[in-house]
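Structure first, commentary second.
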Amino acid sequence: MTEAIVASAGTETVDSLRPLAVLLVPLLTVGLIFLSKNRPNVREAWSILAAVTMFGIVASMVPDVLEGRVHETDLGFFVEGIELMLRADELGMLFALVASGLYVITAVYSIGYMRGHHEPFQTRFFAMLCASVGAALGVAFASNLFMLLVFYEVLTLATYPLVAHDESEEARVSGYKYLAYALSGGLAIFGGMLAIYWLTGSIAFTRGGIEGLADVAAADPWAARGAFALLAGGFAVKAGVMPLHSWLPSAMVAPTPVSGLLHAVAVVKAGAFGIARTVIDVFGPGTVADIGMGLPLTIAAGATILIASLFALRQDNLKARLAYSTIAQLSYIVLGLSLLSQMGLMGGLLHIPAHAFSKLTLFLCAGALYVQLDVKYISEMAGVGKRMPITMSAFGLASFSMAGIPLLAGFVSKWHLIWGGAEAGYLLVAPLLVLSGALNVGYFWPVVYTAFFESEDAAGEKPVLDNPFGGSPGERAYRPDGGTSPDDEAQHEDHDHHGHPDLPPAGGWDRSDWRGGETTPLLLVPLMTTATLMLLFGMAPDYVVFFDLIEGIVDGAMEVSE
1 MTEAIVASAG TETVDSLRPL AVLLVPLLTV GLIFLSKNRP NVREAWSILA
51 AVTMFGIVAS MVPDVLEGRV HETDLGFFVE GIELMLRADE LGMLFALVAS
101 GLYVITAVYS IGYMRGHHEP FQTRFFAMLC ASVGAALGVA FASNLFMLLV
151 FYEVLTLATY PLVAHDESEE ARVSGYKYLA YALSGGLAIF GGMLAIYWLT
201 GSIAFTRGGI EGLADVAAAD PWAARGAFAL LAGGFAVKAG VMPLHSWLPS
251 AMVAPTPVSG LLHAVAVVKA GAFGIARTVI DVFGPGTVAD IGMGLPLTIA
301 AGATILIASL FALRQDNLKA RLAYSTIAQL SYIVLGLSLL SQMGLMGGLL
351 HIPAHAFSKL TLFLCAGALY VQLDVKYISE MAGVGKRMPI TMSAFGLASF
401 SMAGIPLLAG FVSKWHLIWG GAEAGYLLVA PLLVLSGALN VGYFWPVVYT
451 AFFESEDAAG EKPVLDNPFG GSPGERAYRP DGGTSPDDEA QHEDHDHHGH
501 PDLPPAGGWD RSDWRGGETT PLLLVPLMTT ATLMLLFGMA PDYVVFFDLI
551 EGIVDGAMEV SE
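Numbering (full-length UniProt numbering), first residue to last: 1 to 562.
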């Protein structure tokens, strides 16, 4: 592969086919997976090979990007003024590394999950999972709003079959709801893109803001505010910002690997990534501050963090609790971006990998419990820690990370957010994060306590938490954000949507040792890997490549804005 290096405006660009190659891999693999539908081993081998190849190509560009060289694939023009270009810059590499790296882990895990639970439509599942990650990488490497919107909508369409995977009525309704929300968000983004082009004549991402937009915003601030609201509001749908969040708990009807990768990494992070592009590379932090749009975004993020955390307290269904936790945690990213300070931007962007490692660990643990023990409700988990000690220990560590406990990944991002709030003059950010951390403990600690410290004999005698914030088998008919059916939005299962009154078993769980005999390595090794990454990120963040990428992103954005 021949690559030409060109210096442009202080930044070296590398004419490279690697950004395009990353997207061609899933395109080819989807076809190979369908052709191998009658040979499961071959089909799954294609999936893993694609994941490793995509991650390898992405990782190969990291050294150049850290040295200030940006890989570009120029495919010409769509129409005058709109380039069909893929561009692997620092911000794109941040998202691409997270998505492609965790896809490798999830591809392995999916084999154990889909086979262990005898899921239907496995060929379609593996094909669409690969296509979805490919679309997410397209979002990462888009060089302008048009390219981002195209891949953003491809991501929506590719993930619909995964949400509606089991083809039940509930799954179909959840899928339609997801489409309605996501496509509506796409329309808002399209409107924002047109507004930006009308105001500046350009939609190409530029570190610190599109050239000329600051002058236009100064002359016509309301037009700039409208464009920002359309873009940020459109991306906020997939980012789960309230009140645009309702699709996300419903989407938990999907198989757990989908919930883990797409609703803790790819889909929801695409929304947060879009807001990051809007703040950093469309408007620039300085212009966002000038038009006064940072504060409304801060208020929306803060409200989402608190309200979603309160909703999480009331969920007895484990995946539903994780869903509302995801809604709250995603708004940490939005909060950091809205602060418009150096430390705030650092904290928001650091939470992209920190949340991904922690939340994927939680979902992988939930899936292992479901496959191995058919456990879906927290009230069924009494004593399960002795049956699956490694799984529940990983769950506990990831829970503490979400709460921001030191030496874990979540602490790194939240520490920067606290100082970012002080730097921006928002003194309420620190108490907000402390309160949010307490709420995280409130809805995660009962899970850990029930698993490790509650005896099977006592199961069912008390709720997970005292009413009205507790969940127990007798209270599943109540859902906090509308409706009375336990299964129409938040209380979703993978297939069986009913509780198991015989769990935990009368004789108690069989005790498992710490040598990994609790479940198949295809489930256990991936969750141990994500837990290890979470620990490494928390204990030595300065030595993790994400930190260097984020420092470069923020330094460039703030330097231009000054």
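Glycine included, C-beta positions come from ideal geometry on N, C-alpha and C.
C-beta atoms of residue i and residue j nearer than 8 Å
i	j	result
L340	A289	yes
A223	K359	no
L373	V384	yes
G292	L432	no
H165	F125	yes
V216	T206	no
L364	P526	yes
V412	P296	no
V334	V241	yes
A239	V163	no
I553	T450	no
I305	A320	no
L230	A188	yes
G410	G344	no
H351	Y332	yes
A214	T287	yes
Q342	E454	no
G226	A195	yes
L369	M388	yes
L337	V279	yes
T123	R43	yes
V22	I57	yes
V371	G116	yes
A312	V253	no
L129	M193	no
S143	A96	no
V62	V545	yes
G138	F121	no
Enclosing beta strand (DSSP E) for residue i [first to last residue]
i	result
L407	Run containing L407: none; DSSP gives neither H nor E here.
F78	69 to 79
8 Å contact criterion, which residue i and residue j should meet: CB distance rounded
i	j	result
F141	G92	5 Å
Y160	Y181	Y160 to Y181, Cβ: 12 Å. No contact.
E104	V52	Note on identity: in this sequence residue 104 is Val, with Glu being the wrong assignment. Rounded, the Cβ-Cβ distance is 6 Å, consistent with contact.
G112	L428	No, G112 and L428 are not in contact; Cβ-Cβ is about 45 Å, not under 8 Å.
L349	I550	5 Å
T29	A50	4 Å
M346	H416	5 Å
A557	P257	Not quite, the Cβ-Cβ distance comes to about 34 Å (not below 8 Å), so this is no contact.
A270	A136	6 Å
V14	D89	In fact, because the Cβ distance is near 11 Å, the residues do not count as touching under 8 Å.
G134	T156	The pair is not a contact, with the Cβ atoms about 13 Å apart (cut-off 8 Å).
M147	L84	7 Å
L362	L322	6 Å
T326	L248	7 Å
P26	L86	The pair is not a contact, with the Cβ atoms about 14 Å apart (cut-off 8 Å).
Segment limits, alpha helix (DSSP H) that includes residue i
i	result
T53	40 to 66
M85	That residue, M85, is in no alpha helix (DSSP H); its beta strand (DSSP E) goes 82 to 88.
D215	213 to 219
D290	285 to 290
E170	169 to 200
E12	From DSSP, E12 is part of no alpha helix (DSSP H) but of the beta strand (DSSP E) over 11 to 15.
L427	No alpha helix (DSSP H) contains L427, which DSSP labels as neither H nor E.
R277	267 to 277
G383	No alpha helix (DSSP H) contains G383, which DSSP labels as neither H nor E.
I33	18 to 35
T519	No alpha helix (DSSP H) holds T519; DSSP gives it neither H nor E.
G396	389 to 403
A158	145 to 163
Minimum Cβ-Cβ distance from residue i to chain C less than 8 Å
i	result
A356	Considering every chain present, this structure includes no chain C. It has just one protein chain.
Enumerate, from N- to C-terminal direction, the unbroken alpha helix (DSSP H) stretches of 4 or more residues contained entirely within the segment 92 to 141.
-> As summarised for the segment 92 to 141, the continuous alpha helix (DSSP H) elements at least 4 residues long and confined to that stretch are 122 to 141, given in chain order.
Taking only runs that begin and end inside the segment 309 to 362, name each unbroken alpha helix (DSSP H) of 4 or more residues, in chain order.
-> Runs found: 318 to 339.
Check whether the segment 232 to 240 touches the segment 266 to 279, counting contact only when three or more Cβ pairs, one atom from each stretch, lie closer than 8 Å.
-> Touching, yes.
How about the segment 444 to 455 and the segment 399 to 416: do they share at least three Cβ pairs that are nearer than 8 Å?
-> Contact holds: three or more Cβ-Cβ distances are below 8 Å.
Quick check: the segment 71 to 86 against the segment 531 to 538, are there 3 or more CB pairs under 8 Å?
-> Counting Cβ pairs under 8 Å, fewer than three are found: no touch.
Unbroken alpha helix (DSSP H) runs of length 4 or more, entirely within the segment 228 to 259: which are they?
-> At a cut-off of 4 residues, the continuous stretches assigned as alpha helix (DSSP H) that sit fully inside the segment 228 to 259 are 247 to 250.
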